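The structure appears below as structure tokens.
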Amino acid sequence: MEKHNWPQRGEAVLMNTFKRDGKVMVSGQGSFLTDAEGRTYLDFISGIAVNSLGHSNEKLVETLVNQGQQLIHSSNLFWNTPSIQLAEKLTKLSGLGKVFFANSGAEANEGAIKLARKWGREVKGPNATTIVTMKQSFHGRTMATLAATGQEAMHKDYAPNLPGFDYVTFNDIDQLKATIIPQTCAVLIEVIQGEGGVNTLSEDFVQAINEIQQEKQVLVIIDEVQTGIGRTGSYFAYEQFDLDPDIITLAKGLGGGFPIGAFLAKDDLATHFQVGDHGTTFGGNPLATACANTVLDTINEDNLLNNVNQRHKQLVEGLQVLQAKHPTISSIKGRGLLIGIQFDQAVDDIINDCFDQGLLVISAKGNVIRFLPPLNVSEEEINQALDIFGAVLSTQ
Ligand SMILES: Cc1ncc(COP(=O)(O)O)c(C=O)c1O
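According to this note's numbering, the stretch in the sequence shown is residues 24 to 419, in order.
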């Protein structure tokens, strides 16, 4: 293929905020991506848990074309049918009565933070605006979601940090209880920390959250941006825990690759937002919400939650065989198709070797490699990934 020097051209004109691999991806089909050199890769990154139906999914492409021909955008001055249909589906699936559509995970969390603070001020008192989040959490890159993100290293260059966030070690019940004060309006948490290392909430911690919610009048906000929309084997990961969230936030897999975010709240809580209290130009536009409708319909029609659970079992069993051969694997974590393989050594070389051998995987904090295949990944593709991963580990 003709050389266009895309990486050099990109470096010349794009801000240097991403650690990019040199490859230029030009097309995708199902679980595979193809680069400009014509090399094909088994994609177990899925755009970082985004391409839930794989690449160039036929139904999603059809939706893009049909809805694109009909109506792409008309503004929130008017109703549009795909957004109402999507809100009906999400409220039915979650039991939470109202939705606000945004464009990304950070925006979904930003809106949830605003709603929680408005509720706190109106219900608990003028100073009840503090939100408790977890250390090693990740909630986004806007100023509020950055402040919510419990990673000091990310805050330091952007001081002053937005005030009103307290941080607790994940699963540390004593710290959580000690951190809740009369000014606390909400706890914001991922039930499985994705970027933070595929760490799962303990049952005791869930219990402590429930007690705080009931006894201290504190809202529970679950960030399902990475774990939601089937990724962990249920529509929402919180369903697998004994939790009763007041707000959940979504993005990533919801649009199957088309940008969309959302937050849902219980009916009573949602009444604290009235006309003018929050807004967006693009959020809930017909094209984005039509794509999300197709994602949800396909998960349902193709029984993809069942596939996620079957492929989880197959993947974990295969990884356990590899773990027995390679004791540098210290644990296999996660649920559904959000799997973390923790090593007792740095993982960059392993990931690079996987790329060289045609398997795309991604790191998470704490020497973890994440496998995030599409929800419709096949049995054969899981075996293929295990073969490549096993071969790479044998050369380490
Ligand atoms: C749990 C969680 N919340 C929020 C975000 C931010 O989403 P976005 O990058 O769409 O703003 C991410 C992104 O990785 C995430 O994993």
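Ideal placement from N, C-alpha and C gives every residue a C-beta, glycine not left out.
The structure presented is a predicted model; accordingly, all values stated were derived computationally and were not measured.
Please classify residue i: is it buried, with 16 or more other beta-carbons within 10 angstroms of its beta-carbon, or exposed?
i    : result
M24  : At M24 the pLDDT is 48, less than 50, meaning the model places this residue with poor confidence; the figure from the coordinates comes in the next sentence. M24 comes out exposed.
P186 : exposed
A135 : buried
H96  : exposed
Q31  : exposed
T272 : buried
H78  : buried
S54  : buried
Y64  : buried
D269 : buried
V36  : exposed
N222 : buried
Q216 : buried
K275 : buried
F41  : exposed
A231 : buried
V73  : buried
D379 : exposed
E404 : buried
I107 : exposed
R43  : exposed
Quick one: what's residue i bridged to in DSSP?
i    : result
Q216 : N222
D246 : T272
D189 : V155
Y64  : L56
V210 : V155, V243
G51  : L56
R164 : Paired residues: none, contrary to the question.
A125 : G284
G173 : K158
L100 : Paired residues: none, contrary to the question.
Q22  : As displayed, the chain neither begins before 24 nor continues past 419, which places residue 22 out of reach and without an answer.
So, at 6 Å on beta carbons, what are the nonlocal neighbours of residue i in its own chain, with the 5 sequence-adjacent residues on each side left out?
i    : result
H349 : L416
L109 : T312, A315, N316
F470 : Within the shown structure, residues of the chain are numbered from 24 to 419, placing residue 470 beyond reach of any answer.
K82  : T317, T321
A201 : none
Return the chain-ordered list of same chain residues with a C-beta closer than 8 Å to the C-beta of residue i, the five sequence neighbours on each side being excluded.
i    : result
G256 : Q263, L328, V331, N332, H335, R358, G359, L360
A369 : N390
I423 : Since the first and last residues shown for the chain are 24 and 419, residue 423 lies out of range.
Going by beta-carbon coordinates alone, are residue i and residue j separated by less than 8 Å?
i    : j    : result
T156 : G173 : yes
F394 : I362 : yes
E213 : S160 : yes
F305 : N80  : no
N132 : A171 : yes
I154 : L211 : yes
Q240 : K115 : no
S117 : F296 : no
A59  : W29  : yes
I364 : Q419 : no
A129 : T165 : yes
D367 : S386 : no
N99  : G307 : yes
L383 : G341 : no
K388 : G219 : yes
Y181 : K158 : no
I203 : I235 : yes
D227 : I252 : no
K141 : D300 : yes
T192 : Q198 : yes
D290 : K179 : no
Am I right that residue i and residue j are in contact with their C-beta atoms under 8 Å? What's the rounded C-beta distance?
i    : j    : result
V318 : S75  : 6 Å
V243 : L266 : 7 Å
L287 : L138 : Contact doesn't hold; Cβ gap of about 10 Å is too wide.
S69  : P397 : 5 Å
V49  : T57  : 6 Å
N194 : L224 : 7 Å
If you measure from the CB of residue i, is any heavy atom of ligand 2 nearer than 7 Å?
i    : result
A274 : Summarising the ligand content, the structure contains ligand 1 and does not contain ligand 2.
With a cut-off of 8 Å, does the C-beta of residue i fall near any C-beta of chain C?
i    : result
L211 : The structure shown contains no chain C, having only a single protein chain.
Identify, in the order they occur along the chain, each residue of the same chain with its Cβ nearer than 7 Å to the Cβ of residue i, setting aside the five sequence neighbours on each side.
i    : result
G33  : none
N399 : L76, G77, D325, L327, N330
G45  : P30
G91  : L310
Q337 : E402, I405
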